[in-house]
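Take a look at the structure below.
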Amino acid sequence: MWNETRDPMPLAERAVNVNLESPLIGVEDLLKVQDARGSKAFAMREQPFRDLVNVRGELSDAAFVEAFERTVGCRPPAAPNTVARSANYDVLWLGPDEWLVRSSAPVPAGVLEAKLAPEIGECYAAAVDVGSGYTVVEVEGTRVRDVLSRGCPLDLHPSLFKPGQCAQSLYFKASIVLIPIAADRYELVVRRSFADYFCRIMLDAAASLTP
Numbered sequence: 016m017w018n019e020t021r022d023p024m025p026l027a028e029r030a031v032n033v034n035l036e037s038p039l040i041g042v043e044d045l046l047k048v049q050d051a052r053g054s055k056a057f058a059m060r061e062q063p064f065r066d067l068v069n070v071r072g073e074l075s076d077a078a079f080v081e082a083f084e085r086t087v088g089c090r091p092p093a094a095p096n097t098v099a100r101s102a103n104y105d106v107l108w109l110g111p112d113e114w115l116v117r118s119s120a121p122v123p124a125g126v127l128e129a130k131l132a133p134e135i136g137e138c139y140a141a142a143v144d145v146g147s148g149y150t151v152v153e154v155e156g157t158r159v160r161d162v163l164s165r166g167c168p169l170d171l172h173p174s175l176f177k178p179g180q181c182a183q184s185l186y187f188k189a190s191i192v193l194i195p196i197a198a199d200r201y202e203l204v205v206r207r208s209f210a211d212y213f214c215r216i217m218l219d220a221a222a223s224l225t226p
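For what it's worth, the working numbering labels the leading residue of the sequence shown as 16, then goes sequentially.
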């Protein structure tokens with residue numbers, strides 16, 4: 016998370032996002048305390064300033080699929096609740112004709128929309144930048160599934176929900192998109208309006224489960 020006293024972001028990444036403020040700014044002190052504990056059971060950190068674009072289109076439209084692949088670097092996934100990845104983006108299946116495209120690193124706001132929207136302009140499709148309305152949070156540790164299970168109704172057993180998949184769900188009252196990255200690591204796309212609440216309630220859920 017960006018702040019003036021402790022900034023883990025590289026200078027180049029900070030420069031392109033200098034005018035942006037993390038939606039977790041209000042819980043910065045709580046995250047610092049959690050980070051200082053260095054617990055192997057649970058850790059939370061923000062992956063700030065990702066380019067996030069909601070894309071709608073038809074997989075039966077070859078022109079749309081080709082334009083998408085040409086710009087993003089991979090085809091939009093067709094199988095429900097799966098993830099496709101390219102060198103710079105991952106693409107989360109949200110519905111039969113809807114995907115969320117995320118950059119793998121911080122970039123200036125609106126970069127992908129500016130590239131993709133003209134490419135699919137002649138198709139019955141849309142690409143809308145939603146990066147200002149969401150943030151990405153990473154959680155990991157030996158008890159991370161227990162912490163998630165306290166507020167998420169999904170069955171998170173690694174035999175059922177594993178890397179390469181994603182799912183829309185809830186964490187208590189916060190809507191999320193949950194992406195397993197490894198056995199003990201997940202990323203969550205959280206609405207900006209719920210980010211502060213989400214962070215506080217997850218840290219509270221983790222408190223009794225982690226040393």
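Just so it is clear, CB atoms sit at the ideal spot from N, CA and C, and this is done for glycine as well.
Spatial neighbours of Val204 within its chain, please: C-beta separation below 6 angstroms, excluding the five flanking residues on both sides.
As a working mapping, residue 204 is identified with position 189 in the sequence shown. Same-chain partners within the cutoff: Tyr149, Val151 and Val192.
Using a C-beta cutoff of 9 angstroms, does Ser75 count as contacting chain B?
Protein chains in the displayed structure number just one, and chain B is not present.
Val98, enclosing beta strand (DSSP E) - first and last residue
For the purposes of this step, residue 98 is taken as the residue at position 83 of the sequence shown. Val98 -> beta strand (DSSP E) spans Val98 to Arg100.
Specify the secondary structure class of Leu109 as computed by DSSP and reduced to three states.
The residue labelled residue 109 in the question sits at position 94 within the sequence shown. Residue state, collapsed to three classes: strand.
Note down the Cα distance separating Ala220 from Leu175, rounded to an integer number of angstroms.
By 1-based counting over the sequence shown, the position of residue 220 is 205. By 1-based counting over the sequence shown, the position of residue 175 is 160. If you take the alpha carbons of Ala220 and Leu175, they lie about 23 angstroms apart.
In terms of residues, what are the limits of the alpha helix (DSSP H) holding Ile216?
Within the sequence shown, the letter at position 201 stands for residue 216. Its alpha helix (DSSP H) spans residues Arg207 to Ala222.
Member of Arg158, Leu218 and Cys138 whose CA lies at the smallest distance from the CA of Arg200:
Against the sequence shown, residue 200 aligns to sequence position 185. Ranking Arg158, Leu218 and Cys138 by Cα distance to Arg200 puts Arg158 first.
With burial defined as no fewer than 16 other Cβ atoms inside 10 Å of the residue's Cβ, what is the status of Thr97: buried or exposed?
Locating residue 97 in the sequence shown gives position 82, where the first residue counts as 1. Classification of Thr97: exposed, given that the 10 Å Cβ count is below 16.
Run the CB neighbour count on Arg65, radius 10 Å, all protein chains shown included, and call it buried at 16 or more, exposed below.
Indexing the sequence shown from 1 puts residue 65 at position 50. When all chains shown are included, Arg65 counts as buried.
Would you check if the region 42 to 55 and the region 107 to 114 touch, i.e. whether three or more CB-CB distances between them fall below 8 angstroms?
no
In whole angstroms, what is the alpha-carbon distance linking Arg100 and Arg52?
Here residue 100 refers to the residue found at position 85 of the sequence shown. Here residue 52 refers to the residue found at position 37 of the sequence shown. Cα to Cα, the separation comes out at about 33 angstroms.
Which residues share a DSSP beta bridge with Glu202?
Counting from 1 along the sequence shown, the entry for residue 202 is found at position 187. DSSP output for Glu202 lists Glu153 and Ile194 as bridge partner(s).
Have a look at Cys214 and Val122 and give me their C-alpha separation to the nearest angstrom.
Here residue 214 refers to the residue found at position 199 of the sequence shown. Here residue 122 refers to the residue found at position 107 of the sequence shown. If you take the alpha carbons of Cys214 and Val122, they lie about 23 angstroms apart.
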